[in-house]
Amino acid sequence: MAEIATKMKSVPRRTLFLFRVLAALSFVPTLVSGQAASRAAHPGFDGIWNSATATPLERPRQFKDKPFFTSDEAAEWERQVARNNEERPPQAGAKNVGTGTYNTFFRE
Numbered sequence: 002m003a004e005i006a007t008k009m010k011s012v013p014r015r016t017l018f019l020f021r022v023l024a025a026l027s028f029v030p031t032l033v034s035g036q037a038a039s040r041a042a043h044p045g046f047d048g049i050w051n052s053a054t055a056t057p058l059e060r061p062r063q064f065k066d067k068p069f070f071t072s073d074e075a076a077e078w079e080r081q082v083a084r085n086n087e088e089r090p091p092q093a094g095a096k097n098v099g100t101g102t103y104n105t106f107f108r109e
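The C-terminal residue of the sequence shown carries number 109 in the numbering used here, and the numbering is unbroken.
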């Protein structure tokens, strides 16, 4: 009987020990990731994005090895984005005229 009581006392201790080990191990990915964390322990995304500029939310694949644009390249990129955002009349004979840019009211 005493042996069972001793085993019963050790179960909460083992459970607590296991909980502490798992809690400590849960912090390992954060320490190993190498990303700077904000106060809320989320990766930091510095800067502000909005639709007032031609800067895309995600970097296009063709620019993966290009850290910046020259002035001429930036001007061409902005012209291309403006061209893509223009309202266009539907093409003659098109079955589906599409929705167009229905959200122009919210465009900055």
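Virtual Cβ for every residue (Gly too), placed ideally from N, Cα, C.
For residue i, which residues in the same chain have their Cβ closer than 7 Å to its Cβ, ignoring the five residues on either side in sequence?
i, result
"residue 78", "55 and 70"
For the alpha helix (DSSP H) holding residue i, just list the boundary residues, first then last.
i, result
"residue 73", "72 to 85"
If you draw a straight line from the alpha carbon of residue i to that of residue j, how long is it in whole angstroms?
i, j, result
"residue 63", "residue 12", "59 Å"
"residue 84", "residue 30", "44 Å"
"residue 66", "residue 19", "46 Å"
"residue 61", "residue 75", "14 Å"
"residue 90", "residue 28", "56 Å"
"residue 14", "residue 26", "18 Å"
"residue 92", "residue 80", "22 Å"
"residue 24", "residue 16", "12 Å"
"residue 82", "residue 72", "15 Å"
Does DSSP put residue i in a helix, in a strand, or in coil?
i, result
"residue 55", "coil"
"residue 61", "coil"
"residue 69", "coil"
What does a CB cutoff of less than 6 Å around residue i pick up in its chain, not counting 5 residues either side in sequence?
i, result
"residue 21", "none"
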